[in-house]
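Before any comments, here is the structure.
2 protein chains.
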Amino acid sequence: MIGIFDSGIGGMTVARAVEQLLPDYSIVYFGDIARTPYGSKSAATITDYSLRNTEFLLKKGAEIIIIACNTASSVATEALRREFQVPIIEVITPAATKAIATTKTGRIGVIGTRATIRSGVYEQTICGQRPDFHVFSEACPLLVPLVEEGWTNKQETKMIIRRYLHPLKDKQIDTLVLGCTHYPLLTQLIQTRVGKRVTLIDSSVETAKYVRDLLTEQPQLIAREEKGIVTHRYFVSDLTDAAKTVARKIFARPLELILT
Amino acid sequence: MIGIFDSGIGGMTVARAVEQLLPDYSIVYFGDIARTPYGSKSAATITDYSLRNTEFLLKKGAEIIIIACNTASSVATEALRREFQVPIIEVITPAATKAIATTKTGRIGVIGTRATIRSGVYEQTICGQRPDFHVFSEACPLLVPLVEEGWTNKQETKMIIRRYLHPLKDKQIDTLVLGCTHYPLLTQLIQTRVGKRVTLIDSSVETAKYVRDLLTEQPQLIAREEKGIVTHRYFVSDLTDAAKTVARKIFARPLELILT
């Protein structure tokens, strides 16, 4: 069983991609809606929450853990790997790897929450492999509340995206990492803003591909269910109408959210 | 000692008003930044947090409790009064009372978080006293993140306020309750939008006045400190740069925030 957690509902973009790429695996998801958002909080608090979320998923039978949240991946991955024996998969490395493979100019943009950008994890990961590359980062803290409100195509959202992306305008990037699992819901507005010559990297999709490749190489990591008894359970620490609406938008189907 | 709690930093507008109106009383404040915001969460979760926050303040010596948060006041006041013996003061009644005293037409607008507006508490309080009055409510969920980002005078914030207040445009209100302790930081933009013939009611200031009157009538509620040893302590459950910046803006002085 694949365990996935996020600060709330953004990580469901990862869960949806995993459902699609790995249809024979069961998923247990935890969305920490009662404490959302993580992106504006301190590293110590985010790490504390991530430890608790992982414990919850392990109790529910998870055999690998996907941190479906760039913020928690940025600051809590090492603590989780120290604390738990199961494979801990974060969303940074798959997105960074894809960005390195995609760029032709070596000029890569990254957008994310304040905590993700402050951590510098994308620069470290990309420039650790390619010291000749240039990474330009911008924190976009209001995009998460805008997505959670469902304002994914409003004029105000377009203006806020324009303001946030403005500093990247003259950097001549050819690749932009969507370094937050909420941002795939804003793909169209962001693509329009940066222009079609810039390739967007979706950390949700890249992470699902990474997990698919991992399980192809090491199938023993997960005790496979028999076909036909795959179950997906979506737990949340709080249940709100806005969460139900965004979940339905992400999965394009009604989704039962189970309150813990 | 006066205990004050809020979901985060918005309640500091109440604390500042209490400091100014009651300079001889000590204050202990708790801002639940680690779980902020409350306004988009469920009543059960908000009540659970409010109970814990009150326990914390009582342990620190609080003799009365001010719920400096419209959201928590809306959904958790009764639970706190059942659970604890000390006076529990909420921000709704003072603001509603002032709105009733202010309006000439009996047409009152209320803006607040989704949880506050959904609770219907302002309608119940105002129409409970004056069934002939009309209350028009609008939830403005993005204003809290905008204030917490410090975007209190940005074009995007003006546009979002315009969108939120649009349904109130034809209601001919003459009084508008700022039903969220973050909104006093947006007074100028909101006043410009609704026009100077509409009187804004600041729940923070009205609550501080209510507490001043209460302590004038019942001074025995608080064992008064000797003059000169008044102390104000501001505790927070998480410490972020954005919180420090907004706190400094509210108090117009550097403020020591103590991490619990």
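From first to last, the protein sequence lines stand for chains C and X. Numbering-wise, the first sequence is residues 163 to 422 according to this note's numbering. Numbering-wise, the second sequence is residues 163 to 422 according to this note's numbering. Ideal Cβ positions, reconstructed from N, Cα and C, are used throughout, including at glycine.
Cβ closer than 8 Å: which chain X residues qualify as neighbours of I322(C)?
By Cβ distance, chain X contributes E318.
L327(C), enclosing alpha helix (DSSP H) - first and last residue
317 to 327 is the extent of the alpha helix (DSSP H) around L327(C).
Alpha-carbon to alpha-carbon, D332(X) and L417(C):
Their backbone Cα atoms lie some 38 Å apart in a straight line.
Looking at the structure shown, is F298(X) part of a helix, part of a strand, or coil, going by DSSP?
Strand at F298(X).
Roughly how many whole angstroms lie between the Cα atoms of A385(C) and D210(X)?
Approximately 38 Å, taken between the alpha carbons.
Going by Cα to Cα distance, which pick from V237(X), H296(X), Q247(X) is closest to T267(X)?
Distances from the alpha-carbon of T267(X) to those of V237(X), H296(X), Q247(X) put H296(X) closest.
Against R197(X), what residues of chain C qualify as contacts under a CB-to-CB distance less than 8 Å, listed in chain order?
Neighbours of R197(X) on chain C, chain order: A196, R197.
Between the alpha carbons of A261(C) and L338(C), how many angstroms are there, rounded?
The straight-line gap from Cα to Cα measures roughly 8 Å.
Where I273(X) falls: helix, strand or coil (DSSP):
In the structure shown, I273(X) sits in a strand (DSSP, three-state: E or B).
Report, in whole angstroms, the separation of the C-beta atoms of G172(X) and C231(X), which I expect to be a contact under 8 Å.
That pair is a contact at about 7 Å.
Report buried or exposed for L377(X), applying the criterion of at least 16 other Cβ atoms within 10 angstroms of its Cβ.
Taking every protein chain shown into account, the CB of L377(X) has 16 or more other CB atoms within 10 angstroms, so this residue is buried.
If the cut-off is 7 Å on Cβ atoms, which residues from the segment 223 to 250 of chain C count as contacting chain X, listed in chain order?
Against chain X - using a Cβ distance shorter than 7 Å - the segment 223 to 250 of chain C contributes no residues.
Can you confirm whether L401(X), when its beta carbon is compared against all beta carbons of chain C, has any partner nearer than 8 Å?
For L401(X), the closest Cβ of chain C is nearer than 8 Å.
So K371(C) packs on P293(C), CB below 8 Å; how close in whole Å?
No, K371(C) and P293(C) are not in contact; Cβ-Cβ is about 26 Å, not under 8 Å.
In chain order, what residues of the same chain lie with their CB nearer than 7 Å to the CB of G341(C), ignoring the 5 residues before and after it?
Only N232, A257, V272, I273, G274, T278, Y284, S365 meet the Cβ criterion.
Does P329(X) get closer than 8 Å to chain C when you measure Cβ to Cβ?
Answer no: the Cβ-Cβ gap between P329(X) and chain C never drops below 8 Å.
By DSSP's criteria, D375(X) is part of a beta bridge. Which residues make up the other side?
Note: D375(X) sits in no beta bridge, so no partner.
Work out the CA separation of L213(C) and A177(C) for me, nearest whole Å.
So the two alpha carbons sit approximately 19 Å from each other.
If you draw a straight line from the alpha carbon of I420(C) to that of K203(C), how long is it in whole angstroms?
Approximately 25 Å between the Cα atoms of the pair.
Which partner residues of D168(C) appear in the DSSP bridge assignment?
According to DSSP, D168(C) bridges with G193(C).
Can you pull the DSSP bridge partners for G268(C)?
G268(C) pairs with nothing; no bridge assigned.
Looking only at its chain, what residues have a beta carbon closer than 8 Å to the beta carbon of L351(C), apart from the 5 residues adjacent to it on each side?
In chain order, T314, N315, T319, K320, I323 place their CB closer than 8 Å to the CB of L351(C), counting only its own chain and leaving out the 5 sequence neighbours on each side.
Limits of the unbroken beta strand (DSSP E) element including I226(C):
From DSSP, the beta strand (DSSP E) with I226(C) extends over 226 to 229.
is_contact[S281(X), chain C] using C-beta, thresh 8 Å
For S281(X), the answer is no, since every Cβ of chain C falls outside 8 Å of its Cβ.
If we cut at 8 Å on Cβ distances, does E217(X) have a partner in chain C?
Output row for E217(X): interface = no.
Start and end of the beta strand (DSSP E) containing L362(X)?
Going by DSSP, L362(X) is part of the beta strand (DSSP E) stretching over 361 to 364.
The segment 177 to 207 of chain X: which residues have C-beta closer than 9 Å to a C-beta of chain C, in chain order?
Contact residues of the segment 177 to 207 of chain X toward chain C are I195, A196, R197, T198, P199, S202, K203, S204, A206, T207 (C-beta to C-beta distance below 9 Å).
Distance between D403(C) and L220(X) (C-alpha atoms, nearest Å)
In this structure, the alpha-carbon of L220(X) lies about 34 Å from that of D403(C).
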